[in-house]
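Peer 1:
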Amino acid sequence: AEPEKPIQRLVLVGAGHAHLFALEQVALGHFPRAEVTLLSPYAGHLYSGMLGGLITGRYGREDAYLDLPSLAANAGARFVLGSAAGIDIANRHISLDGGRRLPYDIASFAVGSEVRSTRVNAGDTVLAVKPIDRAGKIAEALEKLPQANPRVVVVGGGLTGLTVARPGHDLELGRVTAVLRAESPQHL
31 AEPEKPIQRL VLVGAGHAHL FALEQVALGH FPRAEVTLLS PYAGHLYSGM
81 LGGLITGRYG REDAYLDLPS LAANAGARFV LGSAAGIDIA NRHISLDGGR
131 RLPYDIASFA VGSEVRSTRV NAGDTVLAVK PIDRAGKIAE ALEKLPQANP
181 RVVVVGGGLT GLTVARPGHD LELGRVTAVL RAESPQHL
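In the numbering used here, the protein residues as written are 31 to 218.
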C-alpha cells in the first residue's frame with residue numbers, strides 16, 4: 031500500500047470568484063488531503079454577478095450577499111475573519127492584521143481591487159464601488175436621487191463599471207455617462 035500523502039494547508043486569501051470556485055471543489059471532495067482556510071475581511075460577500083439586479087431592486091441584499099462562514103463550513107473549511115498584512119514565504123505563514131499568523135503550505139490570493147483614495151466617498155453623491163462590498167450602497171443612493179433629470183456618471187469601463195451603469199439606464203434615471211480611459215464619454 032502506498033503511504034498517504036501529507037495533509038496540505040491551503041489558505042485562500044480573499045473571497046473572489048476563484049476562491050468561491052475552489053471552495054465548491056473542496057465541498058465536492060476534490061481535495062481530500064487539504065486543510066482549507068478562507069481568510070476574508072468580511073463575513074458577507076456581495077456576489078458581483080448579482081450586482082445589476084441588486085441595484086435595480088430585482089434582488090434583495092439577502093439574495094446577493096454570500097454568507098462566507100457558512101460557505102466555508104459547508105465545504106469543510108475554516109473561516110477566519112481578518113485581513114492579510116504580510117506573508118513570510120521562508121517560514122510559510124501569513125501575518126494577519128492584529129498580529130495573528132496563519133501557517134500554510136499553499137497560499138492563494140484573490141482579493142480583488144480597491145479604490146484607495148480618501149477623497150472618493152463624498153456623502154451620498156460619490157461612491158466607490160471597490161471593494162465590491164461597497165457596491166451595495168449604490169441602490170440606496172439611487173433611491174435618494176431627485177426624480178427630475180438626475181445625472182449619473184460612472185467612472186471606469188471595466189465589467190463592474192458597466193454593470194453599475196446599465197441598471198441606471200434600465201431604471202430610466204436620465205442620462206447615464208460612463209467615463210472610459212482614453213476615450214470620450216459614452217452615453218448609455
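C-beta atoms are modelled at their ideal positions from N, C-alpha and C, and glycine is treated no differently. Keep in mind the model is a prediction, meaning the values are calculated, not measured.
To the nearest angstrom, how far is it from the Cα of Pro36 to the Cα of Ile168?
Peer 2: The count along the sequence shown starts at 1 and reaches residue 36 at position 6. The count along the sequence shown starts at 1 and reaches residue 168 at position 138. Rounded to whole angstroms, Pro36 to Ile168 spans 47 Å at the Cα level.
Peer 1: Starting from Phe51, follow the beta strand (DSSP E) in both directions and report where the run begins and ends.
Peer 2: By one-based count along the sequence shown, residue 51 stands at place 21. Secondary structure note for Phe51: it is in no beta strand (DSSP E), and the uninterrupted alpha helix (DSSP H) holding it is 47 to 57.
Peer 1: Give the single residue among Tyr72, Leu58, Thr67 whose Cα lies nearest to the Cα of Pro133.
Peer 2: Residue 133 sits at position 103 when you count from the first residue of the sequence shown. With distances taken between Cα atoms, Pro133 lies closest to Thr67.
Peer 1: Which residue comes first and which comes last in the alpha helix (DSSP H) that contains Pro71?
Peer 2: Counting from 1 along the sequence shown, the entry for residue 71 is found at position 41. Counting along the chain, Pro71 falls outside any alpha helix (DSSP H), and DSSP gives it neither H nor E.
Peer 1: Have a look at Ala57 and Ala64 and give me their C-alpha separation to the nearest angstrom.
Peer 2: Taking the sequence shown and counting its residues from 1, the one referred to as residue 57 is at position 27. Taking the sequence shown and counting its residues from 1, the one referred to as residue 64 is at position 34. Taking the straight line joining both Cα atoms gives about 11 Å.
Peer 1: Just how far apart, CA to CA, sit Leu84 and Glu92?
Peer 2: Mapped onto the sequence shown, residue 84 falls at position 54. Mapped onto the sequence shown, residue 92 falls at position 62. If I take the Cα positions, the gap works out to 10 Å.
Peer 1: Using CA coordinates, which residue listed in Glu54, Leu42, Gly74, Gly87 is at the minimum distance from Glu170?
Peer 2: To locate residue 170, count along the sequence shown from 1; it is residue 140. Checking every option, the nearest Cα to that of Glu170 belongs to Gly87.
Peer 1: Where are the beta strand (DSSP E) runs, 3 residues long or more, that stay fully inside the region 73 to 153, in chain order?
Peer 2: 74 to 76, 95 to 97, 108 to 111, 114 to 118, 123 to 126, 131 to 133, 136 to 139
Peer 1: Would you call His49 buried or exposed, if buried means 16 or more other Cβ atoms sit within 10 Å of its Cβ?
Peer 2: Translated into the one-based positions of the sequence shown, residue 49 becomes position 19. Result: buried.
Peer 1: Distance check for Asn121 and Ser113, CA to CA, integer angstroms please.
Peer 2: Looking up residue 113 in the sequence shown gives position 83. Looking up residue 121 in the sequence shown gives position 91. Using only the alpha carbons, I get a separation of about 19 Å.
Peer 1: Looking at the strands, I want to know which residues DSSP matches up with Arg196.
Peer 2: On the sequence shown, residue 196 is found 166 positions in, with the first residue counted as 1. According to DSSP, which records beta bridges pairwise, Arg196 is partnered with nothing at all.
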